[in-house]
């Protein structure tokens with residue numbers, strides 16, 4: 001067995017959530033390590049990077065909306081700080097989002113969403129089909145109306161991940177490029193982890209930030225094991241040739257036959273189309289059916305995509321939770337905190353998660369804005385205790 005390596009904080013998982021946690025912890029003066037075979041990998045390599053707090057609003061998720069908005073507000077300064085520290089261009093664009101409807105049912109649904117946004121104090125503008133096409137001339141003639149949301153921006157998650165790795169390295173974070181095989185628990189306290197090559201990694205505190213894999217770490221007591229499941233998403237990438245310089249100027253999204261589809265144009269000329277949502281366990285196969293459905297639905301929105309070169313197809317796993325919201329902060333096991341379960345909002349919630357977890361690691365408590373997302377909300381004992389008399 002290799003010699004034990006010790007740190008103040010050990011982050012299990014090197015995706016963007018684990019990386020931002022490690023970066024912020026190191027900035028607070030904590031000796032921090034990350035264990036992951038491929039830091040910067042994970043779901044961010046597939047994600048489109050929509051920062052869509054407004055257009056991602058769903059009924060029953062107003063509590064999550066507050067956290068999403070808090071993170072969206074931090075993004076400009078967060079991106080500027082990360083770029084200043086690393087020199088990396090994150091592909092952060094304040095280009096806005098246009099959500100459109102293709103038929104009467106979609107239009108009614110979008111009207112309901114607009115009403116919910118207004119009730120929630122959010123800024124969005126209803127446009128006619130003609131006004132939508134004036135904004136985005138490549139839209140299909142049949143577009144019946146839409147919502148213009150200038151506050152929903154975008155970032156390139158692959159660039160974000162690379163920048164976070166660089167930021168961690170600059171702040172002294174140690175990377176152990178291996179799999180964490182099991183959590184180490186001594187006298188009812190998490191004290192580190194052991195890698196798949198047998199190396200013990202000791203730490204004062206452990207943060208489990210393994211994305212969809214968070215529930216599979218051996219050694220975690222069953223009563224604090226995060227209820228996180230993988231939700232498959234397939235994504236297609238096209239290239240907009242130079243002659244299509246203004247192919248799309250902003251993110252365009254819609255619900256087509258009950259399925260969500262979005263088109264995210266990058267300044268680099270890349271066009272990201274996504275995404276399926278499939279409960280298929282750990283399967284990450286790119287399927288003909290998945291790609292067909294994405295291209296079919298996107299073609300109904302923007303017919304011109306059929307002329308564009310297809311450059312990549314890929315599938316990833318979102319970390320879903322029972323209420324579609326993240327699990328942040330201390331667990332019932334002393335020394336173990338969670339930062340996982342971000343589902344479809346991992347990229348959006350990166351800034352606020354980093355701040356919240358740094359607060360946890362230095363004070364032992366969640367900041368007020370993150371308290372609704374404590375992992376203890378899924379504890380049977382907690383749920384029984386909190387029931388009204």
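Numbering (the working numbering), first residue to last: 1 to 389. The beta-carbon is built from N, C-alpha and C at its ideal position, and this holds for glycine as well.
Checklist entry - Considering only the beta carbon of each residue, do residue 329 and residue 379 sit closer than 8 Å? => result As a working note, residue 329 is residue 329 in the chain shown. As a working note, residue 379 is residue 379 in the chain shown. Not closer than 8 Å, so no.
Checklist entry - residue 13: buried (16+ other C-beta within 10 angstroms of its C-beta) or exposed? => result Translated into positions along the chain shown, residue 13 becomes position 13. Flag for residue 13 reads buried.
Next on the checklist: Taking DSSP's pairing of strands, which residues face residue 97 in a bridge?
Outcome noted: As a first step, residue 97 is located in the chain shown; it is residue number 97 there, counting from the start. Answer is 149, 251, bridged to residue 97.
Checklist entry - Which class does residue 278 belong to by DSSP, given the choice of helix, strand or coil? => result By one-based count along the chain shown, residue 278 stands at place 278. Strand, per DSSP.
Next on the checklist: Tell me which residues share the same chain as residue 362 and place their Cβ nearer than 7 Å to its Cβ, disregarding the 5 neighbours each side in the sequence.
Outcome noted: Taking the chain shown and counting its residues from 1, the one referred to as residue 362 is at position 362. Counting only Cβ-Cβ distances below 7 Å, and skipping sequence neighbours, we find 28.
Next on the checklist: Looking at the strands, I want to know which residues DSSP matches up with residue 175.
Outcome noted: Numbered from 1 along the chain shown, position 175 holds the residue referred to as residue 175. Beta bridge pairing from DSSP links residue 175 with 34.
Item to check | Unbroken stretches of the alpha helix (DSSP H), 4 residues or longer, contained in the stretch 250 to 333 | outcome: 288 to 301
Next on the checklist: Between residue 203 and residue 8, how many whole angstroms is the CB-CB distance? I'm expecting something under 8 Å.
Outcome noted: Looking up residue 203 in the chain shown gives position 203. Looking up residue 8 in the chain shown gives position 8. Rounded, the Cβ-Cβ distance is 7 Å, consistent with contact.
Next on the checklist: At 4 residues or longer, what runs of the alpha helix (DSSP H) sit wholly inside the stretch 218 to 245?
Outcome noted: none
Item to check | Classification of residue 177 by the beta-carbon crowding that lies within 10 angstroms, buried from 16 upward | outcome: Within the chain shown, the letter at position 177 stands for residue 177. Per the 10 Å Cβ criterion, exposed.
Item to check | 8 Å Cβ cutoff met for residue 327 and residue 240 | outcome: Here residue 327 corresponds to residue number 327 of the chain shown, with the count starting at 1. Here residue 240 corresponds to residue number 240 of the chain shown, with the count starting at 1. No. Outside cutoff.
Checklist entry - residue 336 bridges to which residues according to DSSP? => result Translated into positions along the chain shown, residue 336 becomes position 336. Bridge partners of residue 336 according to DSSP: 206.
Next on the checklist: Using 8 Å for Cβ pairs, my map puts residue 298 next to residue 261. What's the rounded Cβ distance?
Outcome noted: The residue you call residue 298 lines up with position 298 of the chain shown. The residue you call residue 261 lines up with position 261 of the chain shown. For a cut-off of 8 Å, the C-beta gap from residue 298 to residue 261 is around 6 Å, short enough to register as a contact.
Checklist entry - Is the stretch 52 to 65 in contact with the stretch 210 to 222, if contact means three or more CB pairs nearer than 8 Å? => result By the C-beta criterion, the stretch 52 to 65 is judged not to be in contact with the stretch 210 to 222, since fewer than 3 inter-stretch pairs fall below 8 Å.
Item to check | C-alpha distance - residue 418 paired with residue 224, whole-angstrom precision | outcome: Outside the shown range of the chain (1 to 389) lies residue 418, about which nothing can therefore be said.
Checklist entry - Tell me which same chain residues have a C-beta within less than 6 Å of the C-beta of residue 22, skipping the five on either side of it? => result By 1-based counting over the chain shown, the position of residue 22 is 22. Result list for residue 22: 11, 32, 34, 168, 173, in chain order.
Next on the checklist: Checking 8 Å against the spacing of the C-beta atoms, do residue 257 and residue 320 come in under that value?
Outcome noted: To locate residue 257, count along the chain shown from 1; it is residue 257. To locate residue 320, count along the chain shown from 1; it is residue 320. Not in contact: residue 257 and residue 320 (Cβ atoms no closer than 8 Å).
Checklist entry - With 16 as the cutoff for other CB atoms within 10 Å, does residue 389 come out buried or exposed? => result Along the chain shown, one-based indexing puts residue 389 at 389. Here the model assigns residue 389 a pLDDT of 34, short of 50, so the residue's position is not dependable and the matter cannot be decided.
Checklist entry - Beta-carbon separation of residue 100 and residue 143 under 8 Å? => result Counted from its first residue, the chain shown places residue 100 at position 100. Counted from its first residue, the chain shown places residue 143 at position 143. In this structure, residue 143 lies closer than 8 Å to residue 100 by Cβ.
Checklist entry - Helix, strand or coil: how does DSSP classify residue 200 here? => result Position 200 of the chain shown holds residue 200. Residue state, collapsed to three classes: strand.
Item to check | Secondary structure of residue 212, DSSP reduced to three states | outcome: For the purposes of this step, residue 212 is taken as residue 212 along the chain shown, with counting starting at 1. Three-state result, residue 212: helix.
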